[in-house]
Amino acid sequence: MGSVPVVNISMHHYGEEPPISGSESGGGSGAVFFEGCPMKCPFCQNFSISRGNTGSGTSYNYSELTDLYLRLQDEGANNINLVTALHYAPDIALSLEKARNSGLSIPVVVNSGGYESVETLKMLDGLVDIYLPDMKVWSSRLAKELFHAPDYADIAQKALGEMYRQVGPASINDAGFMTKGMIVRHLMLPGQLFDTKKILDYLVDTFGNNIYISLMNQYTPMPQLDNMECPSYLKRKLSPGHYDTAADYLIGLGQENAFIQGDDASGDDMIPDFKS
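Read in order, the letters of the sequence shown correspond to residues 7 to 282 in our numbering.
Structural data, given as structure tokens:
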């Protein structure tokens with residue numbers, strides 16, 4: 007990607023955790039989906055825009071991003087949700103600073119794959135209210151196999167530590183909306199229950215109930231996998247038994263601030279209609 011942010015779509019999004027999106031009768035999360043991603047996960051649900059500039063997105067300078075945030079606020083969004091934005095961190099920081107000075111009063115959410123440098127995150131110190139990072143895998147072998155990034159867990163741990171330093175313990179207001187803090191997402195992968203347990207151990211030991219943990223069961227083999235050389239387990243769905251075991255394990259660790267999904271969660275129901 008170039009240095010100028012490219013936005014594929016912006017929308018009122020209802021597919022995030024309840025304290026972020028609220029109900030479908032409300033304003034939703036003011037999501038801004040950026041093109042490009044440092045991770046390039048083969049199973050990505052946003053694959054059509056994560057692999058680089060599709061040619062269908064719109065370039066926004068920082069001032070234009072500010073106007074976009076303010077428009078979403080005026081339309082009733084619960085928050086501004088920047089999805090996979092940090093490869094544009096300098097302009098993102100400028101846009102948020104200008105937005106705050108121009109009347110942006112709703113929380114700012116940064117939605118990230120977790121593979122971020124501390125130096126990048128420090129650009130956003132004081133400008134972000136809520137971090138919504140992934141913690142994808144623990145094993146360096148898995149990270150190398152899936153992302154060509156064997157240092158993923160090491161980098162993500164440092165990144166999550168910096169995110170938490172900035173926003174502190176989670177806080178939810180009387181209306182049920184998160185106002186500050188961190189929700190860490192873990193999408194369980196088929197056949198990787200042991201790796202999931204290692205991640206849950208780390209999150210609970212490090213942050214406990216000061217954060218929310220979103221344990222996700224909606225792994226869906228996406229169509230692009232048919233045209234890729236990839237591990238065979240990526241082409242099947244998650245075992246319900248493994249998810250139930252992981253959910254019980256998380257609760258057994260004493261984690262009270264957790265989002266546990268039902269059997270009806272699906273990975274493709276809430277994928278936006280991206281421009282392509």
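Just so it is clear, CB atoms sit at the ideal spot from N, CA and C, and this is done for glycine as well.
Which residues DSSP lists as bridging residue i, in chain order
| i | result |
| --- | --- |
| F40 | V13 |
| I98 | Answer by DSSP bridge pairing: none, since I98 is not bridged. |
| H18 | G36 |
| M184 | I178 |
| N87 | A37, V115 |
| T202 | Beta-bridge pairing links T202 to no other residue. |
| T64 | V13 |
| R191 | D140, S220 |
| F265 | S220 |
Beta carbon of residue i nearer than 8 Å to that of residue j
| i | j | result |
| --- | --- | --- |
| F200 | C47 | no |
| A83 | I55 | no |
| A264 | L221 | yes |
| P196 | S245 | yes |
| Y129 | A95 | It should be pointed out that residue 129 corresponds to Met in this sequence rather than to Tyr. Against a cut-off of 8 Å, the Cβ pair of A95 and M129 comes out as a contact. |
| R77 | L138 | no |
| G8 | H19 | no |
| G187 | S177 | yes |
| N87 | E22 | yes |
| Y66 | A105 | no |
| G63 | N14 | yes |
| H93 | P25 | no |
| L231 | F49 | yes |
| M161 | I189 | The displayed chain sequence assigns Ile, not Met, to residue 161. In this structure, I189 does not lie closer than 8 Å to I161 by Cβ. |
| K241 | P229 | no |
| L148 | Q198 | yes |
| Y225 | K203 | no |
| V89 | F39 | yes |
Per-residue burial, residue i [other beta carbons within 10 Å of its own, 16 or more giving buried]
| i | result |
| --- | --- |
| M345 | Only positions 7 to 282 of the chain appear in this structure, which leaves residue 345 out of reach. |
| I205 | buried |
| Y170 | buried |
| K142 | buried |
| S285 | The requested residue 285 is not part of the displayed model; the chain covers only 7 to 282. |
| G36 | buried |
| Y239 | exposed |
| Y31 | Checking the sequence shown, residue 31 turns out to be Ser, not Tyr. Burial call: exposed. |
| D157 | exposed |
| V12 | buried |
| S108 | exposed |
| D140 | buried |
| V114 | buried |
| E41 | buried |
| G268 | exposed |
| S16 | buried |
| I219 | buried |
| G247 | exposed |
Next on the checklist: Contact between the region 122–131 and the region 212–222 is defined here as three or more beta-carbon pairs at a separation below 8 Å; is this criterion met?
Outcome noted: No, they do not touch.
Item to check | Given 8 Å, three or more beta-carbon pairs between the region 129–139 and the region 90–100 | outcome: Using a Cβ-Cβ distance cut-off of 8 Å, the region 129–139 and the region 90–100 are in contact, since at least three pairs of beta carbons, one from each stretch, lie closer than that value.
Checklist entry - Which ranges would you report for the alpha helix (DSSP H) in the region 116–140 if only whole runs of at least 4 residues count? => result List check, alpha helix (DSSP H) in window: 124–128.
Checklist entry - If you pair each beta-carbon of the region 65–82 with each one of the region 170–184, do three or more pairs fall below 8 Å? => result The way I'd put it, the region 65–82 doesn't touch the region 170–184; fewer than three beta-carbon pairs between them come closer than 8 Å.
Item to check | Segments of 4+ residues assigned as alpha helix (DSSP H) that fall wholly inside the region 221–259 | outcome: Segments of the alpha helix (DSSP H) lying fully in the region 221–259: 246–258.
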